[in-house]
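Have a look at the structure below, then the notes.
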Amino acid sequence: MEAFVKPGEKNRLKERPERPAKEELQPRVVTTPDGQEITVEPLKDYYCEAPPKVHPPAYFKIVEDLFNWARAESIWILGFGTGCGAIEMRPLMTPRFDAYRYGIQWRPTPRQANLFVISGYLSVKTLKRAIRSYEQMQNPKYVVGLGSCTINGGMYWDSYNTIKRLDRYLPVDLYITGCMPRPEALLAGFLELKKIIKAGKGEGANRYAENFAWYKANQKQVIHDWDMPDYSW
Amino acid sequence: MKDLIDRLGTLFTLGDITEKRDDLAFVSVAPDLLRAVITHLRDVEGFSHLVLLTAVDWIEGGRFQLTYLVNNRTKACDIGLRVFIDREEATMAGIHDLWPTAATYQRELKEMFGIDFPGSPRIDEEFILEGWTDIPPYRRDFDTKKYAEETYFHRPGRETFDPATHMKDKLYPGEAS
Ligand code: SF4
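As structure tokens, then:
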């Protein structure tokens, strides 16, 4: 994996105008049933605004190692097929490859998952949902980029609506190459991810918290109608 | 198909006619005639299904081509109506009142080509793109590569080879110029 680029690096991308928030998100005065007038600010009042926090490791290394072993052996994938690579997840679940024997299983909601597999091309529209879902996952959480689209844009390298480098928008722990990768490649990738986690290097969530401003700036660079709070857990 | 086109020809002024197969033909009609022709096809000739509505940007000629493909299920044949409209003032009468499904096509054409269909339901709402600020991306003067370069991050190291010269280099290293 490429070294993480620190904030403040040169940005050669074009500045884009900010768009005003949608009408339903703007602060407004509403009348309650008993006639009282109150001001609501949807983005402030309906969501928690607190930015993500860095979770320090346990005080004793041996305890943290135990935690990491447990985390590595219970990989719960968020069932959100973002691109064509998601098709390879089905055979993985079925008896032929049976990923469950490795402690890998699929979950229906971000709250129950700790691994987000971005399975290929990510359009700007989907990126927005992916960010929301990622932020709703519990710490510690991991991101695997599947297929060349997540690495450099793949065959959508000149597309107007798909991002090219996933690691600029979400902290990626591991990439699996291919277009699309076979289930065996996914299994190998998951085993590699286990090694990363056991070595205590699966720190994507903390990296996200530490470089929050940089990630947000990148995300807002492409998502023009930012109609969500900055951190939407 | 021949009879059908002859019958249409007696009722309306038709433009170019291309018969692709026994069960598929394309006919050009003037924009202001389209609704009449398509209503006739639906109500009299039994074309019950709007297969698609799509556009082509003929930038050299300064016009858009709209193609309305309709299908007659009982006779198993299709006819495509071609309409050319001005590229600068890209506006066309909608057919969403004849086929409700057309509204979705019209919304897409508004977003991707900037062709307006006044009065079509939700025509000004975003369809696929969210927060798009540039010119409609399917217009041919939109430079998608340039846009991608200015908008998204590149990973250094990706190289592109012209297949012809690359293979020549590999196979006949001495001869390649
Ligand atoms: S890498 Fe290939 S298979 Fe995967 S999403 Fe991109 S185009 Fe599809």
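Protein sequences appear in the order of chains A and B. According to UniProt numbering, the first sequence holds residues 1 to 233 in order. According to UniProt numbering, the second sequence holds residues 1 to 177 in order. Even glycine gets a Cβ: it sits at the ideal position worked out from N, Cα and C. Bear in mind that the values here come from a model prediction, so they are computed numbers and not experimental data.
Taking the C-beta atoms as reference points, leucine 50 of chain B is found nearer than 8 Å to valine 70 of chain B.
For asparagine 161 of chain A, a Cβ of chain B is located within less than 8 Å of the residue's own Cβ.
Of all residues in the region 89-110 of chain A, none comes within less than 9 Å of chain B when Cβ atoms are compared. Residues of chain A with a Cβ closer than 9 Å to the Cβ of proline 137 of chain B are, in chain order, Tyr160 and Asn161.
Scanning its chain for C-beta atoms nearer than 7 Å, with the 5 sequence neighbours on each side dropped, one finds around glutamate 19 of chain B the residues Met1 and Ala25, in chain order. Not one heavy atom of ligand 1 falls within 7 Å of the beta-carbon of tyrosine 169 of chain A.
The C-alpha of tyrosine 105 of chain B lies about 54 Å from the C-alpha of proline 57 of chain A. Judged by pairs of C-beta atoms under 8 Å, the region 33-45 of chain B does not touch the region 83-94 of chain A, as fewer than three such pairs exist. Note: tryptophan 76 of chain A is bridge-paired with A:Gln105 in the DSSP secondary-structure output. When DSSP states are grouped into helix, strand and coil, arginine 158 of chain B belongs to the coil group.
Contact holds between the region 147-159 of chain A and the region 172-183 of chain A, because three or more Cβ pairs, one in each stretch, are under 8 Å apart.
Nearest Cα to isoleucine 79 of chain B within the set B:Thr160, B:Ile17, B:Arg140 and B:Tyr172: B:Ile17. Not one heavy atom of ligand 1 falls within 7 Å of the beta-carbon of glycine 131 of chain B. Under a criterion of Cβ atoms nearer than 7 Å, the residues of chain B adjacent to aspartate 225 of chain A are, in order, Glu130 and Gly131. Taking the C-beta atoms as reference points, glycine 79 of chain A is found nearer than 8 Å to tryptophan 106 of chain A. For lysine 164 of chain A, the neighbours in chain B by C-beta distance under 8 Å run, in chain order, Ala148, Tyr152, Phe153, His154 and Arg155.
Contact annotation for asparagine 152 of chain A against chain B: His154, Arg155, Gly157 and Arg158 [CB-CB distance below 9 Å, chain order]. Interface criterion met: the Cβ of lysine 145 of chain B is under 8 Å from a Cβ in chain A. For the options B:Asp97, B:Asp3, B:Asp141 and B:Cys77, the alpha carbon positioned closest to that of arginine 21 of chain B is the one of B:Cys77.
Between the beta-carbon of tryptophan 226 of chain A and that of glutamine 136 of chain A there is about 17 Å, and that puts the pair past the 8 Å contact cut. Contact annotation: proline 52 of chain A and tyrosine 208 of chain A have beta-carbon atoms nearer than 8 Å. Between leucine 129 of chain B and threonine 82 of chain A, the alpha-carbon positions lie close to 16 Å from each other.
Neighbours of valine 143 of chain A in chain B, taken as residues whose beta carbon is under 9 Å from its own, are absent, since the nearest beta carbon is some 16 Å off. In the three-state scheme derived from DSSP, where H, G and I count as helix and E and B as strand, aspartate 173 of chain A is classed as coil. Placement of the Cβ of glycine 81 of chain A at a distance of 7 Å or more from every heavy atom of ligand 1 is found. Per DSSP, glutamate 111 of chain B is one residue of the alpha helix (DSSP H) stretching across 102-113.
Check the Cα spacing between isoleucine 75 of chain A and each of A:Lys194, A:Asn218, A:Pro95 and A:Ala205: the tightest is with A:Lys194. DSSP lists B:Phe26 and B:Leu69 as the beta-bridge partner residues of glycine 80 of chain B. Contact annotation: the region 127-142 of chain B does not touch the region 154-162 of chain B, with fewer than three C-beta pairs closer than 8 Å. For tyrosine 142 of chain A, the enclosing beta strand (DSSP E) starts and ends at 142-146.
The C-beta distance from methionine 228 of chain A to arginine 132 of chain A rounds to 6 Å, short enough to meet the 8 Å contact threshold. In the same chain as proline 108 of chain A, and ignoring 5 residues on each side of it, the C-beta atoms closer than 8 Å to its own belong to Gly79, in chain order. Annotation: leucine 14 of chain B to arginine 140 of chain B spans about 28 Å, alpha carbon to alpha carbon. Summarising the contact set, residues whose Cβ lies nearer than 6 Å to any heavy atom of ligand 1 are, in chain order, A:Gly83, A:Cys84, A:Gly85, A:Gly120, A:Tyr121, A:Gly147, A:Ser148, A:Cys149, A:Gly154, A:Met155, A:Cys179 and A:Met180.
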